[in-house]
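Engineer: Just dropping this structure here.
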Amino acid sequence: MKNSISITQVSGLFTAIPDVSFFVKDRQSLFVHVNDCFLRIHGYSDPSDMIGKQDFDFHPPALAAEYFAEDNRVMESGVPVYDQSELVTHHSGMPRWYLITKLPLSDDQNKIVGLAGVMRQIDQPGDAPNDYQRLTPSLEYALKNCCHNVSIPEMAKQSDLSTSQLQRDFRKLFRMSPGEYIMRLRLQLARRQLINSNEPVGQIASDCGFFDQSHFTRAFRKHTGLAPSHYRRQAWKQSAPKE
0 MKNSISITQV SGLFTAIPDV SFFVKDRQSL FVHVNDCFLR IHGYSDPSDM IGKQDFDFHP
60 PALAAEYFAE DNRVMESGVP VYDQSELVTH HSGMPRWYLI TKLPLSDDQN KIVGLAGVMR
120 QIDQPGDAPN DYQRLTPSLE YALKNCCHNV SIPEMAKQSD LSTSQLQRDF RKLFRMSPGE
180 YIMRLRLQLA RRQLINSNEP VGQIASDCGF FDQSHFTRAF RKHTGLAPSH YRRQAWKQSA
240 PKE
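In numbering that gives the first Met the number 0, the protein residues as written are 0 to 242.
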């Protein structure tokens, strides 16, 4: 990319800000630059582990497809995305909230050749901007208890809010309800177990807080388009060593 020199210079700014991730992708959404913070989120220490790869190489297919679609919208329209809240799967398998900004990059002929992005985690006390700060106790409570019977009123109580205030703030800031957020957490944890264990689907459903296997299967199919067993077979097939 013709922007590589300026990108290298700009990336130096983010090296001095340890809690902010910086990445650059080309027109095919392949990573061409990542900083140390971005590497740590994904469980890597060497940029070569990510350069030349896509989100599909690091995230569940459904989430990767969302990131890919948004990348395309930014690059096709040339319209930046500023401070959009997104769930990003940490290398530990736990989904966390980040504020993400994506800017289209152009060459000397004003042709869009990629995008640059920054990410900042917002669901931990002390890390969130003011609008998100008061919800961080609720987010932490949901994350710690999502595999159990999470009470929305108790979740609201963690942030000294009424249930209606919590519902309103969640929809404003995260574009989903607290209940939908809990479901996303459970599904992400279930995806991790499907890929990384041989546990029966029914056991995974129970471990991740679903009423039963049928409830889990319906929710999983709604969000991914696949039954859990099909998703597992597909994930294992994709990760199998190629001969």
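Beta carbons: idealized from backbone N, C-alpha and C, even for Gly.
Return the bridge partner residues of Pro103 from the DSSP annotation.
Structural biologist: Per DSSP, Leu114.
Engineer: With 16 other CB atoms within 10 Å as the buried threshold, where does Gln187 fall?
Structural biologist: Per the 10 Å Cβ criterion, buried.
Engineer: Below 8 Å on the Cβ atoms is my contact criterion, and I expect Gly224 with Gln212 to pass it. Report the Cβ-Cβ distance as a whole number of Å.
Structural biologist: About 18 Å; that fails the 8 Å criterion.
Engineer: Rounded to a whole number of angstroms, what is the C-alpha to C-alpha distance between His214 and His147?
Structural biologist: Cα to Cα, His214 sits roughly 15 Å from His147.
Engineer: Beta strand (DSSP E) containing Asp25: first to last residue?
Structural biologist: Note, Asp25: beta strand (DSSP E), 19-25.
Engineer: With distances taken Cα to Cα, identify the nearest neighbour of Gln120 among Ile40, Pro103, Leu114.
Structural biologist: Per the Cα distances, Ile40.
Engineer: Hey, quick one: how far does the beta strand (DSSP E) through His32 stretch, first residue to last?
Structural biologist: Start and end: 30-33.
Engineer: Should the segment 161-179 be called in touch with the segment 132-152, which here means at least 3 C-beta pairs below 8 Å?
Structural biologist: A contact exists between the segment 161-179 and the segment 132-152.
Engineer: Can you tell me whether Gly116 is buried or exposed? The criterion is at least 16 other CB atoms within 10 Å of its CB, across all chains shown.
Structural biologist: Buried: at least 16 other Cβ atoms inside 10 Å.
Engineer: By how many angstroms is the C-alpha of Ser158 removed from the C-alpha of Asn144?
Structural biologist: Approximately 15 Å, taken between the alpha carbons.
Engineer: What residues in its chain sit with their C-beta under 7 Å from that of Ser3, if we drop five residues either side in the sequence?
Structural biologist: Note on Ser3: pLDDT 48, under 50, position unreliable in the model; the coordinate value appears next. So no residue of the chain qualifies.
Engineer: For the structure I just gave you, are there three or more beta carbon pairs, one from the segment 150-166 and one from the segment 55-62, closer than 8 Å?
Structural biologist: No contact exists between the segment 150-166 and the segment 55-62.
Engineer: Taking 6 Å as the limit between beta carbons, can you name the residues of its chain near Met118, skipping five residues before and five after?
Structural biologist: Same-chain partners within the cutoff: Ser20, Tyr97, Ile99.
Engineer: Just the Cα atoms here: how many angstroms apart are Lys1 and Asn34?
Structural biologist: With a pLDDT of 48 at Lys1, under the threshold of 50, the modelled position of that residue is not reliable, and the figure given next carries that caveat. Cα-Cα distance, rounded: 19 Å.
Engineer: Taking the alpha-carbon positions, what's the Val149 to Pro199 distance?
Structural biologist: Straight-line Cα distance between these residues: approximately 24 Å.
Engineer: Do we get a CB-CB distance below 7 Å when we pair Val149 with the residues of chain D?
Structural biologist: Among the chains in the structure shown there is no chain D, since it carries only a single protein chain.
Engineer: Using CA coordinates, which residue listed in Lys221, Val112, Asp45, Pro46 is at the minimum distance from Gln27?
Structural biologist: Looking at the Cα atoms, Val112 is the closest of the given residues.
Engineer: Helix, strand or coil for Tyr43? Go by DSSP, reduced to three states.
Structural biologist: The answer is coil: DSSP assigns Tyr43 none of H, G, I, E or B.
Engineer: Nearest by alpha-carbon distance to Val78: which of Lys24, Leu114, Phe210 is it?
Structural biologist: When only C-alpha atoms are compared, the closest one is Leu114.
Engineer: Report the rounded CA-to-CA distance for Gly178 versus Asp25, giving the unit in angstroms.
Structural biologist: Their backbone Cα atoms lie some 36 Å apart in a straight line.
Engineer: Thinking just about the alpha-carbon of each residue, which of Val73, Thr88, His229 is nearest to the one in Tyr81?
Structural biologist: Among Val73, Thr88, His229, the Cα nearest to that of Tyr81 belongs to Val73.
Engineer: Output the distance between the C-alpha atoms of Lys221 and Arg167, rounded to the nearest integer angstrom.
Structural biologist: Spanning the two alpha carbons is a distance of roughly 24 Å.
Engineer: Measuring alpha carbon to alpha carbon, tell me which of Gly51, Lys236, Gln83 ends up nearest Glu69.
Structural biologist: Comparing Cα-Cα distances from Glu69 to each of Gly51, Lys236, Gln83, the minimum goes to Gln83.
Engineer: Around the C-beta of Pro152, are 16 or more other C-beta atoms found within 10 angstroms, so that it is buried, or is it exposed?
Structural biologist: With fewer than 16 other Cβ atoms within 10 Å, it is exposed.
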